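I have placed the structure first, in the form of structure tokens, so that the comments after it can refer back to it.
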Amino acid sequence: MRWVVQTQNSFVSQTPFNYSEEYAEHGVVYGFMGTRQPAIWMGESAWAGIVPGMTKGFGGKIKTKFEDRMLTRVPGTETFGIGMYSVELDIPGTEGSKVSVDMTATSRVGHFRFVFDSTNGSSEYLPYIYLPTTRQATLFHSPDNFVTTFPNGTVEIHASDSVLEICGSNEEMLDWIIAPTSIQEAASNFKGWYCARFDSGSSNATIGHGVVQGDRQMEGATSGHGEQLGAYVLFAFPSDSPKLTVHVRIATSLISAGQARINLDREIGDESATDIAATKAKTEAEWAEKVGRFDIVTGEGSDAQDVKTVFLTGVFHAMQYPYEIHEPLVGSAVPHYYSAYDNSIHVGDSYSGYSIWDTYRAEWALQLLLAPDRIPGMIRSMLQDSDEGGWLPMWKNIIETNIMVGTHADSLLAEAVLKGFGPGIMSPTGEVESEATFTEEELKRLWAAAWKDASVPPRNDASTVYSDREEGVDYEVRAGLTTFYNGEHKGWVADDIHSESVSRTLDYAYDDHALAVLSSLLPESITSSAATVPNVSQFLNERAFTNPWSVWNPDASVISSLDGGEIRGFVQGRNASGEWADITSGFTEGDRWVYSFAFVHDVPGLIEHRGGNESFVRSLEEFFDGGWIDFTNEPAHHTPYLYALAGAPSYTQERVREIARKNYNNTPNGLSGNEDCGQMSAWYIFSALGFYPVNPVSGEYVVGSPFFSSLAVHLPVPPFVPRAPPHSSLTSSNRFYDAVTDSYILRVLAPNAETKPYVKGLTVNGRRVSGPVIKHDDIRYGGLLEFDMSNTPESWGGGRGTWHSNDHTMQSESNQSTSSARHYIKNAEHLEL
């Protein structure tokens, strides 16, 4: 869970913390919340909360209604950090009393220190801690249809001679209404638990406790169940001081209250009950393991330090999802987890917060580099979701939610196996190149689940619209596969039957390509066990490189607002009859402009359909300068890198810097769009490194413009790299291996990059590179990228394109760049790997 200061009620379209102008000016706080809500357009599940307050005398009113819980920030007292949030709050109606709050957390336990201060207030007021347990919840059916519900819960107060503990449960899962119908009954049994434990000193300071339900306050009650439920503890100030310190740890679980206690004892035991500094240090050390892997040296530039802060904050953002929902077993290193897919407890790792439509583009590639130890568990989690629910996840928020389009879990699996997380591989010399990450049985499950995406239509597919957040439908997966995409071989999802038809058609084509890559990496004995076609790689790639052009209208055109020239060819929805649909219909978080560039696995084909490099670059210029670019949504993220693949990398270098300046800054509102579980930040991190995975399953990156004069990152050694005997990358033969930190060092040197955005030359591991593409193999065991930077456009890689210069060198290098781009996508040897 993520513990946050709560500035508003949370539900779909509102997260519990929002840094609004009102908050910046007035600093109104309604308590502190352990939230499982992963993104603004997803719902809350089994939250926990805590609210400090003061009441007049014993038996006074506990403020439980959300609007009554208001506390106001004392100006200048609020600090944010990776390991601690702190603030001092005025308590209204107490004649000047205050409470200082320090909040930190581990994975499953929130740790709080409240210091109540009545120095300037009245001695009649007594401190309390209120633990809201169930609440009035808001279901989001549509932007015009919010429905109020009242989830049930339980609460129990356990008071002993030495410790006070309050445990509770709540059944809130706001997204259950869009769960696939086949798992909705199981999901309806969902609930979460918490256990809040007060340290012995705080427990001894209590003078009362009770249960609150709605408007009823039951002093001395020790249990309750039902709606709008909570519990409270009342304290007395010490006889010799106007200040009282209360320490509370709140553990959570999706399994039971007993498991919550296990999580509490394991992560912040009683010996650390009052040592909030130790918890802060522990959390900061955990984050330093990722953020601290970067060593950045900035050169000149007024915003150089801000850019560094944005970068490191981006690492913090990009490494939060998906998040653990497994919990430790007592006396075992093997965890277990609750699955809302089948309402059962299982053994193994499990993760939630899979915003795959967003994160497959770059965040997964980043995690493969920075968190390789997590990848096997994340993949097994996806396979378990498939076993328990029937399909790989698309957007998992505790359960599948049928949000967004495409089966991009296929891409995650293919990219992971491509980069080493698959079967064992022997080198031509007989060395074990990589150890098997998964057993043969797991690989069979993996392939069967992925092949099902490509070959089995969802239930009631031919008659389901699949509108955004449509309720009462089963798994959405490849909507339209039944009749219009596959069965009649027309190649497109019909716009007059299914929503978001163009986006689906293009996404399915990419996913087919990803599965073709995956199939080529697995033994034939595994792929033939599920696939029903003789050459599955060829079959999938034929669909991947044919079907997307079924929604390309070569006669659609616009006149450029920049030079008056014609830009011809756009994607467009098609009805079941084959007729073209309206040009505005059929898109997901975008329009025909951005989706006309959504051919990441066939960029050469796209360039050809737009009339060649020069015409294609003109269309990109219109896209960016004509007002069509919307970088807040992910379909645009790869577009600045397309210039480079059309022989004009100088434009890529300009656009990347321009996008970074416009969409990221070092303020509380430092992102132009939703973080979307880390994809916004992943784009920034890769771009700052100087390269980006345009086609995630290609094993290659497109070169852009690095942001820093010097950046080094210590890459963890992936678990598939052999240790005994040690792989050659772990020996002195690899100059990029650091035995002290047991990591590979990837170093990017770009002197004066802060003020010089253009690339004049690039050397990779001592080898001069003339085109704007590097391979994953160039950096997988560390590496050295040396950029020669310039403050003016250069001819490297094609510069601004041969049509802008008669310089022979520029033409030659541009041709090399175009050749490299074509190899990047369509080289037959590459496709067969």
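So the sequence shown is numbered by UniProt numbering: it starts at 1 and just counts up by one. Even for Gly, the Cβ is constructed at its ideal location relative to N, Cα and C. These numbers come from a predicted model, not from an experiment.
{"Check": "Cβ neighbour criterion (16 or more within 10 Å) applied to K662", "Outcome": "exposed"}
{"Check": "Distance between E324 and R2 (C-alpha atoms, nearest Å)", "Outcome": "11 Å"}
{"Check": "Helix, strand or coil at H141 [DSSP, three-state]", "Outcome": "strand"}
{"Check": "Neighbourhood of S381 by C-beta distance below 7 Å, restricted to the same chain and skipping five residues each side", "Outcome": "D349, S350, Y351"}
{"Check": "6 Å CB neighbourhood of S122 in its chain, flanking five on each side removed", "Outcome": "E95"}
{"Check": "Inter-residue CB distance, D385 and D453 (contact presumed, cutoff 8 Å)", "Outcome": "Rounded, the Cβ-Cβ distance is 13 Å, inconsistent with contact."}
{"Check": "Three or more C-beta pairs below 8 Å linking the stretch 354 to 373 and the stretch 673 to 682", "Outcome": "yes"}
{"Check": "Exposed unless 16 or more other CB atoms sit within 10 angstroms - verdict on H26", "Outcome": "exposed"}
{"Check": "N-terminal and C-terminal residue of the beta strand (DSSP E) that D591 is part of", "Outcome": "Premise fails: D591 is in no beta strand (DSSP E) and is neither H nor E."}
{"Check": "Cβ-Cβ distance between I50 and Y128 below 8 Å", "Outcome": "no"}
{"Check": "Local Cβ density within 10 Å of K191, reported as buried at 16 or more and exposed below that", "Outcome": "buried"}
{"Check": "Own chain residues within Cβ distance below 6 Å of G491, not counting five before or after", "Outcome": "N547, S550"}
{"Check": "Per DSSP, the bridge partner or partners of R249", "Outcome": "H111, R197"}
{"Check": "Touch test, the stretch 628 to 635 against the stretch 583 to 590, Cβ-Cβ under 8 Å, three pairs minimum", "Outcome": "yes"}
{"Check": "F41 versus Q14 - alpha carbon distance", "Outcome": "The residue asked about is misnamed: residue 41 is Trp in this sequence, not Phe. Looking at the two C-alpha atoms, the distance is approximately 8 Å."}
{"Check": "Burial state of S817, where buried means 16 or more other Cβ atoms lie within 10 Å", "Outcome": "Legend: pLDDT at S817 = 39, less than 50; position of this residue unreliable, no value from coordinates given."}
{"Check": "Proximity below 8 Å, CB of T245 to CB of T104", "Outcome": "no"}
{"Check": "Extent of the continuous beta strand (DSSP E) to which P132 belongs", "Outcome": "125 to 132"}
{"Check": "Run of the beta strand (DSSP E) containing residue 834, from where it starts to where it stops", "Outcome": "This structure does not reach residue 834, given that the chain is present from 1 up to 833, and the question cannot be answered."}
{"Check": "Short Cβ contact (8 Å threshold) for V310 with N666", "Outcome": "yes"}
{"Check": "Cα-Cα separation between R747 and D738, rounded to whole angstroms", "Outcome": "12 Å"}
{"Check": "Opposing strand residues paired with E219 [DSSP bridges]", "Outcome": "G210"}
{"Check": "Beta-bridge partners of L671, as assigned by DSSP", "Outcome": "Y664"}
{"Check": "Buried or exposed by the 16-neighbour rule on C-beta atoms within 10 Å, applied to Q305", "Outcome": "exposed"}
{"Check": "Environment of S253 [buried if 16+ CB atoms lie within 10 Å]", "Outcome": "buried"}
{"Check": "Among A333, H317, G377, T505, the one whose alpha carbon lies nearest that of H408", "Outcome": "T505"}
{"Check": "Whole runs of the beta strand (DSSP E) within the stretch 519 to 587, excluding any shorter than 3 residues", "Outcome": "552 to 559, 566 to 571"}
{"Check": "A231 versus M70 - alpha carbon distance", "Outcome": "18 Å"}
{"Check": "Member of R197, K756, N669 whose CA lies at the smallest distance from the CA of E21", "Outcome": "N669"}
{"Check": "Host beta strand (DSSP E) of S344 (start-end)", "Outcome": "344 to 347"}
{"Check": "Where the alpha helix (DSSP H) containing P604 begins and where it ends", "Outcome": "603 to 609"}
{"Check": "Helix, strand or coil at Q305 [DSSP, three-state]", "Outcome": "helix"}
{"Check": "Selected residue, minimal CA-CA separation from L383, among Y341, N541, E700", "Outcome": "Y341"}
{"Check": "Cβ shell of R768 (< 8 Å), same chain only, five flanking positions each side left out", "Outcome": "G761, L762"}
{"Check": "Close beta carbons around P132, own chain, < 6 Å, minus the five adjacent residues each side", "Outcome": "G49, G230"}
{"Check": "Under the three-state DSSP convention, the category T809 falls into", "Outcome": "Any reading at T809 needs caution, since the residue's pLDDT is 37, under 50, leaving its predicted position unreliable; the model's value is listed next. It is helical."}
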